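If you read the protein sequences in the order shown, they are chains A and B. Using this note's numbering, the first residue of the first sequence is number 36, and each one after it goes up by one. Using this note's numbering, the first residue of the second sequence is number 450, and each one after it goes up by one. Idealized CB from N, CA, C, for every residue including glycine. Just so you know, these numbers come straight off a predicted model, no measurement behind them. Notes for the one structure printed next.
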Amino acid sequence: DIQMTQSPSLLSASVGDRVTINCKASQNINKYLNWYQQKLGEAPKLLIYNTNNLQTGIPSRFSGSGSGTDYTLTISSLQPEDFGTYFCFQHNSWPLTFGSGTKLEIK
Amino acid sequence: EVQLVETGGGLVQPGRSLKLSCVASGFTFNNYWMSWTRQAPGKGLEWVASITNSGGSTYYPDSVKGRFTISRDNAQNTLYLQMNSLRSEDTATYYCTRGRYLRDFDYWGQGVMVTVSS
């Protein structure tokens with residue numbers, strides 16, 4: 036199974052900050068990496084698919100990059116509504132696996 | 450508008466069975482792979498099962514293989530998850546998800562809670 040290691044697990048940042056969340060796969064996942072945002076009590080929402088493709092309706096301050104085993108989600112200028120937990124997810128091979136999540140708090 | 454509405458959750462004793470349903474609307478159901486993903490209280494996300502658009506192939510992680518069965522009725526735009534031999538560790542919110550492109554997910558339902566306890 037492919038293990039997805041996310042860091043940091045907790046992140047506190049201010050409005051306007053540039054924020055980076057990392058995800059490392061235990062083997063090459065060929066850019067089949069998505070990012071989801073989840074707010075408390077809600078279902079996850081797709082932000083980025085296949086490493087760097089912005090899902091329709093997602094603000095352009097969100098971007099993704101990476102290749103091989105190392106991937107990054109960047110929020111260029113943090114907004115108050117960006118609080119929540121972020122999960123990476125690999126769909127390169129079965130079983131599909133998620134990272135353990137990064138909780139983003141707004142200072 | 451894509452909508453996925455799950456039903457069928459509740460409290461069930463260990464070793465018993467439960468069947469979840471997910472009614473889909475707002476898209477052509479039989480064009481999409483569908484999946485179930487769960488989240489234990491206060492925990493992360495775990496993929497549970499996937500099914501191809503025709504229903505001809507299904508996929509499971511080892512944690513539920515042999516106990517859970519995913520199926521679909523394309524005429525009724527409905528996805529199912531039959532859960533047998535339930536364990537306390539199956540306690541979670543179960544989400545119905547639509548395949549964005551085969552194996553990954555774009556839209557999620559609001560989730561349904563399953564509690565396995567005596």
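Proximity to B:Ser-506 [Cα-Cα], best of B:Met-483, B:Gly-560, B:Asp-553, B:Gly-458: For the purposes of this step, residue 506 of chain B is identified with residue 57 of the second sequence, where counting begins at 1. Ranking the options by Cα distance to B:Ser-506, first place goes to B:Met-483.
Other residues of its chain near A:Leu-46: CB distance less than 8 Å, five sequence neighbours each side excluded: What you label residue 46 of chain A is simply residue 11 of the first sequence in a count that begins at 1. Cβ neighbours of A:Leu-46 beyond the five flanking positions: Val-54, Ile-56, Thr-137, Lys-138, Leu-139, Glu-140.
Distance, A:Gly-101 Cα to A:Lys-59 Cα: The residue given as residue 59 of chain A occupies position 24 in the first sequence. The residue given as residue 101 of chain A occupies position 66 in the first sequence. Computed Cα separation, rounded: 10 Å.
8 Å Cβ cutoff, A:Leu-45 in contact with chain B: As a first step, residue 45 of chain A must be located in the first sequence, where it is residue number 10. With 8 Å as the cut-off, A:Leu-45 does not count as an interface residue toward chain B.
Contact set between A:Ser-133 and chain B, taken where Cβ atoms lie within less than 9 Å: Against the first sequence, residue 133 of chain A aligns to sequence position 98. According to the sequence as given, residue 133 of chain A is Phe; it is not Ser. The contacting residues are Thr-486, Gly-493, Leu-494, Glu-495, Trp-496.
Length of the line joining the Cα atoms of B:Arg-465 and B:Gly-457: For the purposes of this step, residue 465 of chain B is taken as the residue at position 16 of the second sequence. For the purposes of this step, residue 457 of chain B is taken as the residue at position 8 of the second sequence. Rounded to whole angstroms, the gap between the alpha carbons of B:Arg-465 and B:Gly-457 is 14 Å.
Contacts that A:Tyr-27 makes with chain B (C-beta to C-beta distance below 7 Å): As shown, chain A starts at 36 and ends at 142. That puts residue 27 of chain A outside it, with no answer to give.
Contact set between A:Ala-60 and chain B, taken where Cβ atoms lie within less than 8 Å: Position 25 of the first sequence holds residue 60 of chain A. Per Cβ cutoff of 8 Å: no residues; A:Ala-60 is ~15 Å from chain B at best.
Chain A within 8 Å of B:Gly-560, Cβ atoms only: Within the second sequence, numbered from 1, the residue matching residue 560 of chain B stands at position 111. For B:Gly-560, the answer is yes, since a Cβ of chain A falls inside 8 Å of its Cβ.
Proximity of A:Pro-79 and A:Phe-118 at Cβ, strictly below 8 Å: Residue mapping note: residue 79 of chain A aligns to position 44 of the first sequence, counting from 1. Residue mapping note: residue 118 of chain A aligns to position 83 of the first sequence, counting from 1. Taking 8 Å as the Cβ cut-off, A:Pro-79 and A:Phe-118 do not qualify as a contacting pair.
Segment limits, beta strand (DSSP E) that includes A:Asn-69: Residue numbering aside, residue 69 of chain A sits at position 34 when the first sequence is read from its first letter. That run of the beta strand (DSSP E) goes 68-73.
Closer than 9 Å at the beta carbon, the chain A residues around B:Pro-510: Along the second sequence, one-based indexing puts residue 510 of chain B at 61. Using a Cβ-Cβ cut-off of 9 Å, B:Pro-510 is close to Asp-36, Trp-129, Pro-130, Leu-131, Thr-132 of chain A, given in chain order.
Per DSSP, cross-strand counterpart(s) of B:Val-497: For the purposes of this step, residue 497 of chain B is identified with residue 48 of the second sequence, where counting begins at 1. Beta-bridge pairing by DSSP links B:Val-497 to no other residue.
Within 8 Å of chain A by C-beta, residues of the segment 530-545 of chain B in sequence order: So the list reads Tyr-544, given in the order they occur along the chain.
Contact with chain B by A:Gly-92, beta-carbon distance below 8 Å: In the first sequence, counting from the first residue as 1, residue 92 of chain A sits at position 57. For A:Gly-92, the answer is no, since every Cβ of chain B falls outside 8 Å of its Cβ.
Neighbour flag for A:Phe-118 against chain B, beta carbons, 8 Å: Position 83 of the first sequence, counting from 1, holds the residue named residue 118 of chain A. Not an interface residue.
Boundaries (first-last residue) of the beta strand (DSSP E) holding A:Leu-131: Residue numbering aside, residue 131 of chain A sits at position 96 when the first sequence is read from its first letter. Here A:Leu-131 belongs to no beta strand (DSSP E), and DSSP marks it neither H nor E.
Option in A:Thr-104, A:Ser-61, A:Arg-96, A:Trp-129 with minimal Cα separation from A:Glu-116: Locating residue 116 of chain A in the first sequence gives position 81, where the first residue counts as 1. Closest option to A:Glu-116, judged by alpha-carbon separation, among A:Thr-104, A:Ser-61, A:Arg-96, A:Trp-129: A:Arg-96.
Alpha carbon of B:Trp-557 to alpha carbon of B:Cys-471, nearest angstrom: The residue you call residue 557 of chain B lines up with position 108 of the second sequence. The residue you call residue 471 of chain B lines up with position 22 of the second sequence. B:Trp-557 and B:Cys-471 have their alpha carbons spaced roughly 11 Å apart.
Residues near A:Lys-142 by beta carbon distance below 7 Å, same chain, minus five either side: The residue you call residue 142 of chain A lines up with position 107 of the first sequence. Excluding sequence neighbours, A:Lys-142 sits near Ser-47, Ala-48, Ser-49.
Beta-carbon neighbours of B:Trp-557, restricted to chain A and to distances below 7 Å: Taking the first residue of the second sequence as 1, we reach residue 557 of chain B at position 108. Neighbours of B:Trp-557 on chain A, chain order: Ala-78, Pro-79.
Neighbour list for A:Gly-136 in chain D, Cβ cutoff strictly below 7 Å: Considering every chain present, this structure includes no chain D. Its protein chains are A and B.
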